[in-house]
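A short write-up of the structure that comes next.
Residue numbers (the working numbering): 21 to 112.
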């Protein structure tokens, strides 16, 4: 992570809601936050974990959409995007 220019993170590292299992997720959040990389985070659970780790303001971008976030990164068109494109082209 130290030399990365871009970090994409989707999903926590286990059951971060339980203290006994939170260290890995919080350590990753701190590492990403302290890097110089563009940090792109996806998923509602990851969003909550980053907030609990106190690193929300140190991430470049956070999306609460997990599956949709990954589909967009794969280059797939999301239904809402298709609908917006059709509306902008005068189709209903």
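From the three backbone atoms N, C-alpha and C, an ideal C-beta is built for every residue, glycine too.
With contacts defined as CB atoms closer than 8 Å, residue 69 and residue 84 fail to qualify as a contacting pair. Counting along the chain, residue 108 sits inside the alpha helix (DSSP H) bounded by residues 99 to 108.
Here residue 52 is buried, its C-beta having at least 16 other C-beta atoms within 10 Å. Rounded to the nearest whole angstrom, the CA to CA distance from residue 58 to residue 80 is 6 Å.
Excluding the 5 residues flanking it on each side, residue 67 has same chain C-beta neighbours closer than 6 Å at 82, 84, in chain order.
Residue 62 is bridged by DSSP to 30, 83. Counted as a single uninterrupted DSSP element, the stretch harbouring residue 21 is not any alpha helix (DSSP H), since DSSP gives it neither H nor E.
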